[in-house]
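Sequential numbering of the sequence shown, starting at 57, is according to UniProt numbering.
The structure appears below as structure tokens.
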Amino acid sequence: LYDGPRTAEILRKRSEFLSPSLSYLYKKPLNVVQGKMQYLYDEDGKRYLDAFAGIATVCCGHGHPEVVQAIVNQLGRIQHSTVFYLNHAIVDYAEILASKMPGDLKVVFFTNSGTEANELALMMARLYSGCHDIISIRNGYHGNAAGTMGATAQSIWKFNVIQSGVHHALNPDQYRGIFGSEGEKYATDVQEIIDFGTSGRVAAFISEAIQGVGGIMELAPGYLPAVYKTIKKAGGLCIADEVQSGFGRTGSHFWGFESHGVIPDIVTMAKGIGNGIPIGAVVTTPEIAEVLTRRNYYNTFGGNPVCTAGAHAVLKVIEKEKLQENAFVVGSYLKDQLKKLQEKHEIIGDVRGRGLMLGVELVTDRQEKTPARAEILHILDQMKEMGVLVGKGGFHGNVFRITPPLCFTKEDAAFLIDVMDIAMSKL
Ligand code: PMP
Numbered sequence: 057l058y059d060g061p062r063t064a065e066i067l068r069k070r071s072e073f074l075s076p077s078l079s080y081l082y083k084k085p086l087n088v089v090q091g092k093m094q095y096l097y098d099e100d101g102k103r104y105l106d107a108f109a110g111i112a113t114v115c116c117g118h119g120h121p122e123v124v125q126a127i128v129n130q131l132g133r134i135q136h137s138t139v140f141y142l143n144h145a146i147v148d149y150a151e152i153l154a155s156k157m158p159g160d161l162k163v164v165f166f167t168n169s170g171t172e173a174n175e176l177a178l179m180m181a182r183l184y185s186g187c188h189d190i191i192s193i194r195n196g197y198h199g200n201a202a203g204t205m206g207a208t209a210q211s212i213w214k215f216n217v218i219q220s221g222v223h224h225a226l227n228p229d230q231y232r233g234i235f236g237s238e239g240e241k242y243a244t245d246v247q248e249i250i251d252f253g254t255s256g257r258v259a260a261f262i263s264e265a266i267q268g269v270g271g272i273m274e275l276a277p278g279y280l281p282a283v284y285k286t287i288k289k290a291g292g293l294c295i296a297d298e299v300q301s302g303f304g305r306t307g308s309h310f311w312g313f314e315s316h317g318v319i320p321d322i323v324t325m326a327k328g329i330g331n332g333i334p335i336g337a338v339v340t341t342p343e344i345a346e347v348l349t350r351r352n353y354y355n356t357f358g359g360n361p362v363c364t365a366g367a368h369a370v371l372k373v374i375e376k377e378k379l380q381e382n383a384f385v386v387g388s389y390l391k392d393q394l395k396k397l398q399e400k401h402e403i404i405g406d407v408r409g410r411g412l413m414l415g416v417e418l419v420t421d422r423q424e425k426t427p428a429r430a431e432i433l434h435i436l437d438q439m440k441e442m443g444v445l446v447g448k449g450g451f452h453g454n455v456f457r458i459t460p461p462l463c464f465t466k467e468d469a470a471f472l473i474d475v476m477d478i479a480m481s482k483l
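The structure is reproduced here in structure tokens:
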């Protein structure tokens, strides 16, 4: 039983010593004291089914024994900076990670977060192309440092920083977008940005395959192939931000971009890569990687032995436990059940996503698509009381984000559906 500090004490210290910008999801905040696979436990020992996994961060399951063992073993041997000395953990992991990539993508740079990975990717694209302009998609999220905050395109995540050379293209949003599911029509906006907003040459295009923070928005089919062609013609590189959609989460493919039939020039990743430990990566081609030899470049902890040993174990577990297949099977079942729930509850405006990256958008009026902002908070709290945790996101804050650990079972999915059904029925 847990006998550590409890909610009231933590809240008091948080308000005194931590950033005032920190928030929490529930009216009565949850003090999570332990995690085991797809479950979390609070200070009273109550068990919750975790269908959010810390924003798709935990992929194999909380405290997966093989991942923990790999981390502890490495920590017992050596933990160090990656600068100046050799260690096998980083090269062994880079080799196996590169084997998961298509095309000539085989040079890996390690970072400590998704933000760092995207900052590096944007800089490499600028160096390689000799251009400055970057195009990202409205409603996307790419990080919170100066460059990535510029590429992020939702006002709630942006401060008044200088956003030099970043353009935000029309979101190929199949639910609210003006062209419905016609991806190629949205793609013409990227050509127009290049024609009217740049010299005609650009450094890069960056996008998620499924917008996570933006509310599990799947890019309209046909969009990415058309945009990639446009960008290449303008001398730019295509960057796939796989921070949320990578590592088998989308079920049908290992990487989110693969379901769009494109091969990026640079792929960035974080979150699920380490099952919760801080590691990120940028993978690119040897030709593009060359740009970083023009100056000194290093990252003190990027690719450190402990994090790469942990991430290596994560990849092994994904394969051994067939977690991608599980994401496909359980995710397809869960999506079907959510669609059935949509027939029953008017408040569900849209169900979308792939594998175990699903979104449920709540509206008070299906015709007007009026965001059900207050209602979603109420349902979220009710579901928590019944022992199920889901996330929330989207520009209007009215989308449930369902991104559980990939060990989520059909029984877990059925339980989530029952709980969501009860909470919606009680509205
Ligand atoms: N890209 C995407 C798609 C993300 O969802 C996030 C985090 N929500 C980031 C980048 C930034 O990652 P981090 O918070 O690790 O810096």
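Cβ atoms here follow ideal geometry from the backbone N, Cα and C, with glycine treated the same way.
The beta carbons of GLY447 and THR459 sit about 7 Å from each other, so the pair counts as a contact at 8 Å. Around the beta carbon of GLY330, 16 or more other beta carbons lie within 10 angstroms, which makes this residue buried. DSSP, read as helix, strand or coil, puts SER211 in helix.
As the crow flies, the alpha-carbon of PHE252 is around 33 Å from that of PRO427. Beyond the five residues adjoining it in sequence on each side, VAL258 comes within less than 8 Å, by CB distance, of SER185, CYS187, ASP189, ILE190, ILE191, ILE250, ILE287, ALA290, GLY291, GLY292 in the same chain, given in chain order. Proximity of the segment 130-150 to the segment 301-321 falls short of the contact definition, fewer than three beta-carbon pairs being nearer than 8 Å. Per the coordinates, the alpha-carbon of ILE234 lies some 21 Å from the alpha-carbon of SER211.
With a threshold of 7 Å, the Cβ atom of SER481 does not count as near the ligand PMP, since no heavy atom of the ligand is closer than that. At a Cβ-Cβ threshold of 8 Å, PRO461 and VAL124 do not count as neighbours. Counting C-beta atoms within 10 angstroms of its own C-beta, ARG422 has fewer than 16 neighbours from the protein chains shown and is therefore classed as exposed. Put simply, the backbone Cα of LEU394 is about 43 Å away from that of ASN355. In the three-state reduction of the DSSP assignment, THR254 falls in the coil class, being assigned neither a helical nor a strand state. Secondary structure in the segment 391-476: the alpha helix (DSSP H) runs of 4 residues or longer, each lying completely within the stretch, are 429-441 in chain order. Annotation for GLU402: ARG422 place their beta carbon closer than 8 Å to its own, counting only its chain and skipping 5 residues before and after. Taking non-hydrogen atoms of the ligand PMP into account, the C-beta of HIS198 is found less than 7 Å away from one of them. Checking the DSSP bridge columns, you'll see SER301 has no partner listed.
Take GLY203, set aside five residues on each side of it, and the residues of its chain with a beta-carbon closer than 7 Å to its own are GLU175, LEU178, in chain order.
The C-beta distance from GLY443 to ARG410 rounds to 26 Å, too long to fall under 8 Å, and the pair is not in contact. With three or more CB-CB distances shorter than 8 Å, the segment 264-283 counts as touching the segment 234-245.
Between GLU431 and LEU483, the C-beta spacing is below 8 Å. Pairing ALA201 with GLY270, the inter-Cα distance amounts to about 18 Å. In this structure, PHE166 lies near ILE335, with their beta-carbon atoms less than 8 Å apart.
With respect to the C-alpha of VAL147, the residue from CYS363, ILE404, ARG429 having the closest C-alpha is CYS363.
From the listed residues ILE193, ILE333, PHE384, VAL339, the smallest Cα separation to ALA365 is found for ILE333. Taken atom to atom, the span from the alpha-carbon of LEU436 to that of TYR82 is near 8 Å.
Non-local C-beta neighbours of ALA260 in its own chain, meaning closer than 6 Å and more than five positions away in sequence, comprise ALA181, ILE190, GLY292, LEU293, ILE295, ordered along the chain.
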